[in-house]
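Step one of this worksheet: look at the structure below.
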Amino acid sequence: MTAGGVMRLALETVMAPRMVAQHLLAQEPGREAALTLFALAVVLNALVAGLTLAMAPGTVLPLGYGPVMVAILLGTVLLLLVSAIGSFGRMWGGTGRNRDILFLLSWAQILRAGLQFVLLLLGVVSAGSLGSVLAIAGAVVGIWILANFIDVAHGFGNAWKAAMVLIMAGALASFVLVSVMMTLGFGPDTGINDV
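Residue numbers 5 to 199, in the numbering used here, belong to the letters of the sequence shown in order.
Here you go:
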């Protein structure tokens, strides 16, 4: 796929996520395609997170928490989210396969990395509130995209059911992420700026 094709698909994802999800799944992505897209999503998000931390004044990660650890954490959370969306969706009568969910969520995470990069550039160029507005709009659109992707993957035909699956899976993934981060030494009394 060309760069122009990726940009068109990204724009279509924002404008018509259900159609894009149906198109992507109609390609019958195999396990290798899903894992490759997953790896790309993790690497891109880790790079953007690393750039963000490197550009923030006075921000220092504790020793051992470099880009590789960030990639491992991001990958773990994404896999957990895929598993939770698959399990909760099937509990609610969905028929989605984890491989398809991984493929769709990986594409959404690649779009998220692109948005984060744009926000990073906006932060460098302007100190205005444009970045904040774009971040909020991106979060809302991202949730809408995920709900549509989940609905298509599970074949619900009901956006509210997909939204409930997303909320339950997100809550579980957040709980596990907080537990893992606290186990690794990040807690309420420590932060990225603590050395």
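We put the CB at the ideal spot given by N, CA and C, even for glycine.
What is the rounded straight-line gap between the Cα of residue i and the Cα of residue j?
| i | j | result |
| --- | --- | --- |
| Leu-181 | Ser-133 | 29 Å |
| Ala-30 | Gly-189 | 43 Å |
| Ala-53 | Val-74 | 8 Å |
| Asn-102 | Ile-149 | 17 Å |
| Leu-39 | Val-129 | 35 Å |
| Gly-146 | Leu-41 | 18 Å |
| Ser-87 | Ala-50 | 21 Å |
| Ile-89 | Ala-173 | 5 Å |
Could you tell me if residue i is buried or exposed, where buried requires 16 or more neighbouring beta carbons within 10 angstroms of its beta carbon?
| i | result |
| --- | --- |
| Phe-179 | exposed |
| Gln-113 | buried |
| Ile-105 | buried |
| Thr-17 | buried |
Could you tell me whether the Cβ atoms of residue i and residue j are closer together than 8 Å?
| i | j | result |
| --- | --- | --- |
| Val-46 | Gly-79 | yes |
| Asn-152 | Arg-35 | no |
| Ala-25 | Leu-108 | yes |
I want to check one thing, is the minimum distance from the CB of residue i to the heavy atoms of the ligand ADP below 7 Å?
| i | result |
| --- | --- |
| Arg-12 | Ligands in the displayed structure: none, and consequently the ligand ADP is not present. |
>> With three or more beta-carbon pairs closer than 8 Å as the criterion, would you say the segment 161-170 touches the segment 118-137?
In response: no
> Can we say the segment 117-126 touches the segment 81-89, given the rule of at least three CB pairs closer than 8 Å?
Replying inline: no
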